[in-house]
């Protein structure tokens with residue numbers, strides 16, 4: 001690209017103007033930074049989910065279908081929350097909308113749990129030898145797959161447009177819409193980190209929620225809702241003013257707790 | 001554009017073959033033969049090579065319906081992958097090549113160009129355009145049915161070959177040139193001519209005669225993507241959305257009503273034990289067929305069993321949504337495929353009986369070919385038009401939402417197919433979901449998501 005003889009060749013062959021070629025070359029040079037930022041952020045955000053998908057989901061058609069359906073449920077939840085934001089609060093009272101949105105998401109998670117338990121019942125009644133038995137035997141599989149679907153969809157909606165903006169020329173972040181401040185240099189990076197954390201959080205929450213719903217234990221379900229609200233509200237209050245060092249530890253702590261809880265549930269089976 | 005439950009299409013054999021074929025999909029269990037003869041069991045799933053083929057065990061009772069639900073999942077995925085690839089090609093092109101985003105020319109069928117800024121006029125224009133386009137499609141469909149009813153196969157084949165040739169030569173050339181221009185890559189004419197010649201000829205051979213399955217599939221996906229890009233470029237803005245809605249309603253009508261043309265097509269083809277216009281159909285089965293062939297050989301019954309086709313319903317696309325070029329490609333392609341199949345069976349030393357008996361080989365071909373998962377290229381095209389159009393406004397959330405909506409619609413359609421076991425239209429559910437999520441996402445969700453993204457709020 002930098003070789004002048006190549007440029008010359010291009011001009012001769014293409015018949016384009018010199019100006020065009022130089023401009024394009026320049027654009028390429030500038031966009032190297034954008035490309036690196038884009039790749040780094042995309043991999044930060046999505047590589048855990050991608051690895052989980054490739055190694056645990058992609059080989060089984062039923063899991064892929066469950067995952068896509070779960071993603072679809074998250075989408076429905078998002079549409080409902082957006083309706084609330086648009087037509088009930090008219091774009092104000094953002095914290096209230098966040099709380100509402102979290103509750104709607106958890107409601108849809110419950111609906112998806114109901115759907116899955118019906119589907120599982122159907123599968124069990126099939127009596128088909130050697131079919132999807134791991135799905136029936138392993139109680140963590142459906143919750144995990146559903147959670148990954150939720151998380152991936154949430155991650156896609158949180159970061160895709162940011163990534164698209166980053167790949168453009170010289171974008172580091174967005175200016176704060178309220179204060180008009182210039183964005184932090186780490187805007188993109190922290191967005192990516194939060195996306196990754198939320199993807200994993202959704203997996204953990206789904207596992208807890210489904211297991212608890214199966215055993216009719218209300219405490220873990222309430223824990224899921226409350227911790228989801230807490231993490232989302234912490235991003236609502238702290239991220240716009242740049243206090244990442246408050247919101248990230250909260251998210252990580254909740255993630256750790258949520259990851260431990262399924263382990264606890266699995267090692268302490270219900271008494272009946 | 002419809003889904004066909006195809007148990008009866010292959011004459012007396014097929015009913016009996018439902019069981020073996022269906023169990024083969026998931027199959028680790030024994031496979032009963034229709035004659036009660038023990039038969040070879042092959043694991044077929046995503047991965048035909050997974051696990052060694054084993055010899056038979058005793059017959060076993062099992063429920064037909066259960067099997068269908070079960071291997072339905074594998075089939076859904078075999079459609080997910082090509083649909084996703086096609087959408088990927090279209091979306092990537094829309095986002096990198098500005099040629100397909102700019103609107104300068106229009107199709108002949110859409111004489112109203114929506115230039116007037118008045119919304120009422122625009123709606124009126126869009127409706128009129130869609131009506132004209134739909135009537136063209138209806139006329140072409142009826143023409144095709146008439147030709148098919150009267151067994152004018154040569155005319156249909158010529159039609160299909162001509163149109164696929166045009167797509168593979170002229171439109172592919174335009175595509176390649178625009179991609180090169182978008183990335184500012186210099187290219188000399190000699191190399192270009194060389195590449196175009198090889199690309200086009202290979203495509204014609206793979207589609208209409210024979211070729212490796214993956215090459216064939218890749219060409220079909222590319223053709224669908226190309227056609228979708230053409231629609232996106234040459235249809236006016238609002239017309240595209242109206243056309244999508246109208247086409248899916250037409251699909252519903254054409255497949256479900258007793259006198260619907262596609263239904264007539266399906267029924268005629270089943271009466272004749274023929275393939276339904278395969279050249280316009282993406283098929284996932286041939287590979288299994290070939291693998292199965294070798295096995296058939298080793299079985300005691302030779303060619304009579306043809307156990308390997310993984311599904312007993314096939315998804316066949318008539319041409320509800322095809323433009324005239326589209327209607328073409330299909331038939332020839334299928335004929336080609338069956339020819340390839342026959343020659344392949346020769347290669348694998350099939351007992352002579354099968355080759356000599358034309359009736360038998362016909363049945364065999366039906367079983368093998370029609371039982372795979374098939375998706376009409378028309379479905380590919382209109383899914384891609386929807387998602388490509390959604391992505392042309394530059395919002396990735398909308399694109400993702402439409403993508404997921406279409407996949408869910410596809411799964412639901414296959415679920416309904418397993419329940420009703422009759423020809424079903426493939427477009428309506430997916431397109432309805434896609435349209436709903438396009439408009440709701442771009443109008444309602446997007447402002448909300450923008451607010452969240454810029455403030456780095458995560459929910």
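Residue numbers (full-length UniProt numbering), protein chains in the order written: chain A, 1 to 272; chain B, 1 to 459. Built from N, CA and C at the ideal position, the CB exists for glycine as well. Keep in mind it's a predicted model, so treat the numbers as computed, not measured.
Listed by position along chain B, the residues whose Cβ is nearer than 9 Å to that of residue 232/A are 457, 458, 459. Here the alpha carbon of residue 190/B sits roughly 41 Å from the alpha carbon of residue 241/B.
Linking residue 407/B to residue 53/A through their CA atoms gives a straight-line distance of about 17 Å. For residue 430/B against residue 409/B, the beta-carbon gap comes to about 3 Å, under 8 Å, which counts as contact. In this structure, the straight-line span from the alpha carbon of residue 273/B to that of residue 115/B is close to 50 Å. The count of Cβ pairs closer than 8 Å, one atom from the segment 142 to 155 of chain B and one from the segment 116 to 134 of chain B, stays below three, leaving the stretches out of contact. By the criterion of at least three beta-carbon pairs nearer than 8 Å, the segment 140 to 158 of chain A is in contact with the segment 54 to 74 of chain A. Residue 394/B and residue 95/B have their alpha carbons spaced roughly 8 Å apart. A straight-line Cα-Cα distance of about 10 Å links residue 164/B and residue 158/B. Sequence-distant Cβ neighbours of residue 239/A in its own chain, meaning closer than 7 Å and more than five residues away, are 247.
Against chain B, a Cβ distance below 8 Å from residue 162/A picks out 453. In chain order, 61 make up the part of chain A whose C-beta sits under 8 Å from the C-beta of residue 74/B.
Secondary-structure assignment with DSSP links residue 282/B through a beta bridge to 375/B. Excluding sequence positions up to five before and after residue 254/B, its CB lies within less than 6 Å of the CB of 260, 261, 262, 320, all in the same chain and listed in chain order.
For residue 229/A, the closest alpha carbon among the candidates 94/A, 60/A, 187/A, 58/A is that of 94/A.
The alpha carbon of residue 72/A has as its nearest neighbour, out of 222/A, 156/A, 187/A, the alpha carbon of 156/A. Around the beta-carbon of residue 434/B, 16 or more other beta-carbon atoms lie within 10 Å, marking it buried. For residue 198/A, the chain B residues whose C-beta falls within less than 7 Å of its own C-beta are 458, listed in chain order. DSSP places residue 234/B in the uninterrupted alpha helix (DSSP H) bounded by 213 to 234. Per DSSP, residue 82/B has no beta-bridge partner at all. With a 10 Å radius around the Cβ and a threshold of 16 neighbouring Cβ atoms, residue 426/B comes out buried. Against chain A, the CB of residue 447/B has a partner CB under 8 Å away; the residue lies at that interface. Closer than 8 Å to the CB of residue 98/A there is at least one CB belonging to chain B. In this structure the segment 164 to 178 of chain B does not touch the segment 72 to 91 of chain B; the number of beta carbon pairs closer than 8 Å is below three. Listed along the chain, the chain B residues whose CB falls inside 8 Å of the CB of residue 102/A are 459. Taken in chain order, the complete beta strand (DSSP E) segments of 3 or more residues contained in the segment 84 to 169 of chain A number zero; there are none.
Apart from sequence neighbours up to five positions away, the residues of its chain that approach residue 78/A with a beta-carbon distance below 7 Å are 157, ordered along the chain. Residue pairing by DSSP places residue 249/A opposite no residue, since no beta bridge is assigned to it. Proximity to residue 258/A across 234/A, 152/A, 225/A peaks at 225/A, based on C-alpha coordinates. Under the DSSP assignment, residue 143/B falls in the alpha helix (DSSP H) whose first and last residues are 119 to 149. Secondary structure of residue 258/B (DSSP, three-state): coil.
Counting only residues of its own chain and dropping the five nearest sequence neighbours on each side, residue 126/B has a CB closer than 6 Å to the CB of 238, 239, 242. Looking from the CA of residue 108/A, the closest CA among 80/A, 56/A, 41/A belongs to 80/A.
Boundaries of the alpha helix (DSSP H) around residue 181/B: 172 to 182. A contact between stretches requires three or more CB pairs, one per stretch, nearer than 8 Å, and the segment 113 to 122 of chain A fails this requirement with the segment 82 to 96 of chain A.
DSSP, reduced to helix, strand and coil, places residue 425/B within a strand of the structure shown.
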